[in-house]
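Asker: Each residue of the sequence shown is one higher than the one before, counting from 121 in the working numbering.
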Amino acid sequence: LGKGFRFRYAHQLSGGQRQRVAIARALILEPSILLLDEPTSALDASVQAEVLNLLEEVRRRRKLTFLMVSHDLAIITHMCERLMVMQNGEAVETLTASQLIGHRVSEDYTRNLLRASEGFVRA
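1) Between the segment 187 to 203 and the segment 216 to 228, can you find at least three pairs of beta-carbon atoms closer than 8 Å?
2) From A165, R179, H131, G124, pick the residue whose C-alpha is nearest to that of I143; which is it?
3) Mark V171 as exposed unless 16 or more other C-beta atoms lie within 10 angstroms of its C-beta, in which case mark it buried.
4) In this structure, how does DSSP classify I195 when only helix, strand and coil are distinguished?
5) From which residue to which residue does the alpha helix (DSSP H) around L156 run?
6) Mind listing, in chain order, the continuous beta strand (DSSP E) runs of no fewer than 3 residues lying wholly within the segment 136 to 189?
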């Protein structure tokens with residue numbers, strides 16, 4: 121983001137620009153863990169890719185850990201090594217991204233989630 125963004129209001133920015141500003145604001149304090157709650161849910165596919173690439177770059181450079189909340193299995197399997205499936209606020213299964221992709225799950229709820237998300241592809 122350029123320096124000119126300091127003087128712009130939220131309604132003057134695109135969804136992707138607002139997301140980048142939010143990420144920049146979160147990184148100012150140099151955290152070791154960054155909570156990302158549906159970081160790309162309101163963005164179109166091309167802007168999603170830009171934001172995900174930005175997050176990957178920032179994670180690599182700053183050695184960050186992400187705690188990501190999302191219903192988008194393609195993004196989760198792309199961004200996360202380990203994941204936890206939750207139902208009604210409780211963890212029902214912990215697994216790796218490769219286990220999820222390979223449908224090697226043990227809980228019925230996780231199987232139903234996969235079935236409902238049929239066709240998800242690792243980005």
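From the three backbone atoms N, C-alpha and C, an ideal C-beta is built for every residue, glycine too.
What you are looking at is a predicted structure, and each value in this text was computed from that prediction instead of being measured.
Answerer: The relevant details are as follows:
1) They touch, by the three-pair rule.
2) Measuring C-alpha to C-alpha distances from I143 to each of A165, R179, H131, G124 identifies R179 as the nearest.
3) Result: buried.
4) DSSP places I195 within a helical segment (H, G or I) once states are collapsed to three.
5) Segment 153 to 157 is the beta strand (DSSP E) holding L156; no alpha helix (DSSP H) there.
6) Listed in chain order, they are 153 to 157, 185 to 189.
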